Amino acid sequence: MFEKTVQQMSLTMRSALLTAIIVLGVLLRGWNIQQGLWWDEIWSTLEYATASSWWYTISQLGYYFNNHPLYSIAARISIAVLGASEFSLRLPSVLMGTAALPVLYLLARPLTGTAPALLATLLLALSAFHIDHSSEARGYSGMLLFALLASLFFFKALNGASKRAWIFFVLCTFLGFYCHVYMAQVPLAQVMCCVLLMAEQALRKERNRFMYAGALRHLVLALAAAAVLTLAAYAPMLKFFVANAGKVQLLRVDRLPFVAEMYETVLPGFATLPGMLLYSALFVCGLLYLGKRSPALLIYTILICNIPLLLYLQLNPMFIFKRYFLPALPFCLLTLACGMEWIAHSCRLRGLARIAFYCCVLCAIAWLQWPSIRTVTTQSRQHYREAAVYAADHSDASDAVFAIGQAGQHFSYYATVPVLVPETFDGFQMRLHEVPQAWCLISAWLPELRPAHEPFLLYTEDPEHQRIYDYVKAHFQLAAQFHGVFNTYVYRWPAAAEARP
């Protein structure tokens, strides 16, 4: 059997393949690391990573859970060592995202075999979803890393009742929570997995071969210990945490469009017929493989890929972003890899034929995902830097440079000239007619960004800024625009056809 050949592959060969995959992952995650900072990075990370005191870094939360404390601490250290730059601010994310690759391999190999583990690691290295969040200065790559580590030690502990595994499980769970509170989906899946395994054991009236007696009790104790550590770490910002939780509104909107977007993000190309057929076939075959090879992992995968999303959709809170469900990504990709192994084994492919099959499927997946990979590795998220440089290069000292919208205030980070954020339309008009020429910088205008699954109320701008926006669109001339995830525009007044006052 080819799998036995792979299992017997020399440690050197396995290490070489894994190293090559990790190098590929580093290149993809570091390729676009020097792009200008975008809204979330300036608003939600830079403030805490460059704060005047460590206390501010660990005690402030922001308007809506903006501060990811562990990432802010890591970014602060990186900046202290390397100096302030896009590279140093994002470096912890790249490192944590890259570290997730070997962790996935270590998790998958004893449960699924060497070939699926290597294939899954390669798929994660190529994942545009993971590349994107492993190259931005936010805590999501850390949440995924510690979710994988917690899962790794979860399975080790269940299988062997190892005290060391439980200790590392507690530590990784705590660190995951300190990256982001949405780590909660991981222990939820773990508890449900244990309960289902116990139910299976009771129905079969035999000891479960994967989980020792008392494992659920030890899991609850371990999670309680992680909860104590988490509460202690969040204690300095607890009052802000409670206040922010009170801002969360439960909505009545149709979230089904989000589900479709989620599938397309996790599996780029899924919206196409070839992609849907390929991914669906691999996923079904992967579930069959897991059911035979590792029923515990099958249960865990189904839970972590579905329960958090279903609960979130049922509660329907304001703001739902695909990055919240990033911990499910490696298990989804591992299932695809297991599907490849199941098909190869069912067709009795061996040797070069099996390798050729793997290569063909991987090429098909890479072809489906290439547009997304190219986008995240070459396209800037937002062009604050480029727009600020353009305005500085083309404006005179007597000109006024405005910025509007909730995202507008962040142009000042890169600006070398004063950027005015007017409070009222009348104030804008008054200042406008005091200068010979004016510029207006606009990016991420919320009404234009509203997804189909979000209410209008959450994507509105200040009424005064909306009046300014309408005036700018009608009377200013578009001088430059920069395409990215969030397009950025530079408008000039007076327009060429207008006379100056």
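Going by our numbering, the first residue of the sequence shown is number 221, and it counts up by one from there. Glycine is no exception: its CB is placed at the ideal position from the N, C-alpha and C atoms. These numbers come from a predicted model, not from an experiment.
- Residue nearest to residue 657 within the set 241, 408, 711, 604 is 711 (criterion: CA-CA distance).
- The Cβ atoms of residue 594 and residue 536 do not sit closer than 9 Å to each other.
- With distances taken between CA atoms, residue 635 lies nearest to 623 out of 645, 623, 642, 374.
- Within the model, the alpha-carbon separation for residue 545 versus residue 701 is close to 32 Å.
- Of 362, 249, 300, the smallest CA-CA separation from residue 291 is found for 362.
- Here residue 587 is exposed, its C-beta having fewer than 16 other C-beta atoms within 10 Å.
- The residue from 309, 629, 249, 625 with its alpha-carbon nearest to that of residue 598 is 249.
- Within the same chain, and ignoring the five residues on either side of residue 648 in sequence, the residues whose Cβ sits closer than 6 Å to its Cβ are 642, 688.
- Runs of the alpha helix (DSSP H) spanning 4 or more residues and lying entirely within the region 227-257 occur at 231-250, in chain order.
- In this chain, residue 567 is not harboured by any beta strand (DSSP E), its DSSP state being neither H nor E.
- Between the alpha carbons of residue 510 and residue 338 lies a gap of roughly 16 Å.
- When DSSP assignments are scanned along the region 598-627, the uninterrupted stretches of alpha helix (DSSP H) that are 4 or more residues long and fall wholly within it turn out to be 604-614.
- Residue 484 and residue 540 have their C-alpha atoms spaced approximately 16 Å apart.
- Contact between residue 255 and residue 601 holds, with the beta-carbon distance rounding to 7 Å and staying under 8 Å.
- The three-state secondary structure of residue 710, taken from DSSP, is strand.
- For residue 418, the closest alpha carbon among the candidates 433, 340, 251, 408 is that of 433.
- Pairing residue 394 with residue 404 gives a Cβ-Cβ distance that is not under 9 Å.
- Per the C-alpha coordinates, the member of 285, 262, 260, 289 positioned closest to residue 274 is 289.
- Beyond the five residues adjoining it in sequence on each side, residue 610 comes within less than 7 Å, by CB distance, of 700, 710 in the same chain, given in chain order.
- Uninterrupted alpha helix (DSSP H) stretches at least 4 residues long and entirely within the region 341-365 occur at 348-353, given in chain order.
- When DSSP assignments are scanned along the region 405-464, the uninterrupted stretches of alpha helix (DSSP H) that are 4 or more residues long and fall wholly within it turn out to be 405-424, 435-454.
- Cβ neighbours of residue 318 within its own chain (closer than 8 Å, five residues either side excluded): 242, 245, 246, 249, 354.
- Between residue 583 and residue 681, the alpha-carbon positions lie close to 44 Å from each other.
- When C-beta atoms of the region 406-417 are compared with those of the region 515-523, three or more pairs fall below 8 Å, so the two segments count as touching.
- Within the DSSP secondary-structure output, residue 662 pairs in a beta bridge with 709.
- In the structure shown, the three-state DSSP call for residue 699 is strand.
- Each of 343, 615, 479 was checked against the Cα of residue 558, and the nearest Cα belongs to 343.
- Our two residues, residue 266 and residue 321, have alpha carbons roughly 27 Å apart in a direct line.
- Assignment of residue 640 by DSSP, reduced to helix, strand and coil, places it in the strand class.
- Under the three-state reduction of DSSP, residue 671 is assigned to coil, being neither helix nor strand.
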